Amino acid sequence: MDFIALDFETANPKRHSACSLALTVVRNNQVVDEMYSLINPQTDFSPNNIRVHGITARNVANSPTFAQLWPHISPFFGPQKLVVAHNASFDVSVLRKTLASYQLAVPNFLVLDTLKTSRKLLAGLPNYKLNTVCDFLSISLRHHHNALADSQACAQILLSEAQQFGTDVLKPLVKAY
């Protein structure tokens, strides 16, 4: 399988407030590259969001804006590119809203949500949060709500599910975006 696993953290409840981003690049079922960046969202931070991920306005003060980061990561998004996230509706929404806030075009790409694949394939878990699925599959989740750790875990979830159940069961869950 070839895909990128994507994870965002946000400064506040607004989806256009991305303050960190990670991509884990998988080619031929192997992690071949990773990228992590803090992002200056040019907006206020919510105490609740800081409590979740620990990122503050001071941490991102000298970080690039998303508009500055986008040219470096945009090649990972395209009509035949598969983007994977755990709770993809959140991460894809953050991507869309952040792009829109900078008046950047939203690309077309394919999406697979490991929250949905896990609900379908791993019946009987008490919930399907990232840490619960990782525990069940014996996947290391070093620092939950760190975008890089979360994207790495997401990639490992999909690789584990593909190995256990095959890719044919996953194909119907891929959505064009």
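Residue 11 is where the sequence shown starts when you use the numbering used here, and the numbers rise one by one after that. All C-beta atoms in this analysis are idealised placements derived from N, C-alpha and C, irrespective of residue type, glycine included. In this text the structure is predicted, and so the values were computed from the model without any measurement.
Val104 sits in a helix when the DSSP states are folded into three classes. Note that the C-beta distance between Ser148 and Thr34 is not below 8 Å. The closest CA to that of Phe13, considering only Leu132, Val62, Asp123, His153, is found on Asp123. Collapsing the DSSP output to three states places Gln162 in a helix. DSSP, read as helix, strand or coil, puts Ser27 in coil. If you look at Gln40, you'll find it isn't in any alpha helix (DSSP H); it sits in the beta strand (DSSP E) that goes 40-48. The alpha-carbon of Leu16 is positioned some 17 Å away from that of Ser170.
In chain order, Thr53, Asp54, Phe55, Ser56, Asn59 place their CB closer than 7 Å to the CB of Asn22, counting only its own chain and leaving out the 5 sequence neighbours on each side.
By the criterion of a C-beta distance shorter than 6 Å, Val62 is surrounded in its chain by His155, once the five residues flanking it on both sides are discounted.
Cβ contact annotation for Thr127 (same chain, cutoff 8 Å, sequence separation greater than five): Ile167, Leu168, Glu171, Leu180, Leu183, in chain order. For Val179, the secondary structure class from DSSP, reduced to helix, strand or coil, is coil. DSSP links Glu19 through a beta bridge to Ser30.
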